[in-house]
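Colleague: In our numbering, the protein residues as written are 6 to 312.
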Amino acid sequence: MDNLSKQLNNINSIVDLIGDTPLIKLNGFNGLSSDKQIFIKAEWFNPGGSIKDRAALSMIKDGINKKKLNSKKIIMDSSSGNTAIAYAMIGSALGFKVELVTPENINIERKKTLQAYGAKIIYSSPFEGSDGAIIEARKMASKFPDKYFMPDQYNNEANPLAHYSTTGPEIWDQVDGKITHFISGIGTSGTAMGTSKFLKEKNPNIKTIGVQPDNSLHGLEGLKHIPSSIVPGIYKESNLDEIFWANTEESYDVMEKLVKYEGMFVGHSGGAVVLAALEEIKKIEQAIVVCVIPDGGYRYLSGGVWW
Ligand code: PMP
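(1) Below 8 Å, how does it come out for the segment 89-105 and the segment 183-196: are there three or more Cβ pairs, yes or no?
(2) Go ahead and label Ala142 buried or exposed: buried means 16 or more other beta carbons lie within 10 angstroms of its beta carbon, across all protein chains shown.
(3) Whose CA, out of Ile95, Ile111, Met155, Gly33, lies closest to the CA of Ile1?
(4) Can you tell me which of the three DSSP states Ala124 falls into?
(5) Could you check whether the segment 124-135 touches the segment 43-61, counting it as contact only if at least three pairs of C-beta atoms, one from each stretch, sit closer than 8 Å?
(6) With Thr298 and Glu48 assumed to form a contact (beta carbons below 8 Å), what rounded beta-carbon distance in angstroms separates them?
(7) If you count every other CB in all the chains shown that lies within 10 Å of the CB of Gly227, and 16 or more means buried, which is it?
(8) Taking the straight line between their C-alpha atoms, what separation do you get for Gly314 and Phe50?
(9) Just how far apart, CA to CA, sit Gly86 and Asp258?
(10) From which residue to which residue does the alpha helix (DSSP H) around Phe203 run?
(11) With 16 other CB atoms within 10 Å as the buried threshold, where does Asn75 fall?
(12) Given a cut-off of 8 Å, decide if His168 and Gly199 are closer than it, judged by their beta-carbon atoms.
(13) Have a look at Pro237 and Asn160 and give me their C-alpha separation to the nearest angstrom.
(14) Can you list the beta strand (DSSP E) stretches of 3 or more residues lying completely in the segment 144-196, in chain order?
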């Protein structure tokens, strides 16, 4: 490392800024008190704008270590948005080409962001959602195994491992071990699986709650209604104490309150996770709840919620 890099606090590229996100206390919602506190793990502070930077980096590093990824291969995967942007950002910083299979109806913010990073987008049917993109990406990977490295975020243990080795320990340190509840959304389930495993090993009494949309036709981007989806290989429901079924309208309502009363401009799934936390604190006398908010609201500006 040259002297200039040392002066720059050992930040050799933007990927060194992934993780170590802040934990922020909620103040403006009814039901909060000194006995009932909710903290937000603010994942939109990651350089690619979402929690998926952690999983993408972990899977890319794992691919390099296992010699599945080299400079001649293209990183290719299916993603409805945040993982795609994470691959594109990391690929651009580390010098890998990136191709993403994504449903044609992803919003304009995502399309333009991916194009800005130089990634190629391959569209799958808008009617088949994220499952259609998964199937298309698998076909491409099996047809051209020498061309593509497909991390396969739904079945890659390096995805939950990112959260077991970073998100979980960060939360534990930030609350000095005083957490009673951990709540996160379920998309691939990497965040919920990896973070819960770490926290349960530290203290098995911590209650872990996974949040899913309450039906298959929902508006909570990034979350999966598992009963009607291809079940991710990394998902083990028994690792969680409870599932919270989030209603889209109620989640949007909480999301809007997070912006108006807390100054946190967050995405849809953040509203769903905080909705789960607010319901949980109604049931108990004392709680220190940590909620993961995966991304920020700028990613959804064209979606019709903000006007
Ligand atoms: N919320 C948003 C906005 C996401 O993009 C994702 C990832 N699909 C999630 C929640 C769920 O995260 P995970 O894949 O770790 O379950």
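For each residue, glycine too, the CB sits at the ideal point set by N, CA and C.
Modeller: For this structure:
(1) The segment 89-105 is not in contact with the segment 183-196.
(2) By 1-based counting over the sequence shown, the position of residue 142 is 137. Answer is buried; the Cβ neighbour count reaches 16.
(3) A question about residue 1 goes unanswered here, because the residues of the chain that appear run from 6 up to 312.
(4) Looking up residue 124 in the sequence shown gives position 119. Of the three classes helix, strand and coil, the one that applies to Ala124 here is coil, per DSSP.
(5) Contact fails: fewer than three Cβ-Cβ distances are below 8 Å.
(6) As a first step, residue 298 is located in the sequence shown; it is residue number 293 there, counting from the start. As a first step, residue 48 is located in the sequence shown; it is residue number 43 there, counting from the start. In the sequence as displayed, the identity of residue 298 is Ile instead of Thr. Indeed, because the Cβ distance is near 6 Å, the residues count as touching under 8 Å.
(7) Taking the sequence shown and counting its residues from 1, one reaches residue 227 at position 222. The residue in question, Gly227, is buried, as its Cβ has 16 or more Cβ neighbours within 10 Å.
(8) In the structure displayed, the chain extends from 6 to 312; residue 314 sits before or after that span and is not available.
(9) Translated into the one-based positions of the sequence shown, residue 86 becomes position 81. Translated into the one-based positions of the sequence shown, residue 258 becomes position 253. Near 22 Å, if we compare the C-alpha coordinates of Asp258 and Gly86.
(10) The residue given as residue 203 occupies position 198 in the sequence shown. Looking at the DSSP string, the run of the alpha helix (DSSP H) that includes Phe203 is 195-207.
(11) Against the sequence shown, residue 75 aligns to sequence position 70. The residue is exposed, with fewer than 16 neighbouring Cβ atoms inside 10 Å.
(12) Position 194 of the sequence shown, counted from the first residue, corresponds to residue 199. Position 163 of the sequence shown, counted from the first residue, corresponds to residue 168. Contact check for Gly199 against His168 passes: the beta carbons are separated by less than 8 Å.
(13) Taking the sequence shown and counting its residues from 1, the one referred to as residue 237 is at position 232. Taking the sequence shown and counting its residues from 1, the one referred to as residue 160 is at position 155. Rounded to the nearest angstrom, the two C-alpha atoms are 6 Å apart.
(14) Entirely contained in the segment 144-196, the beta strand (DSSP E) runs reaching 3 residues are, in chain order, 186-190.
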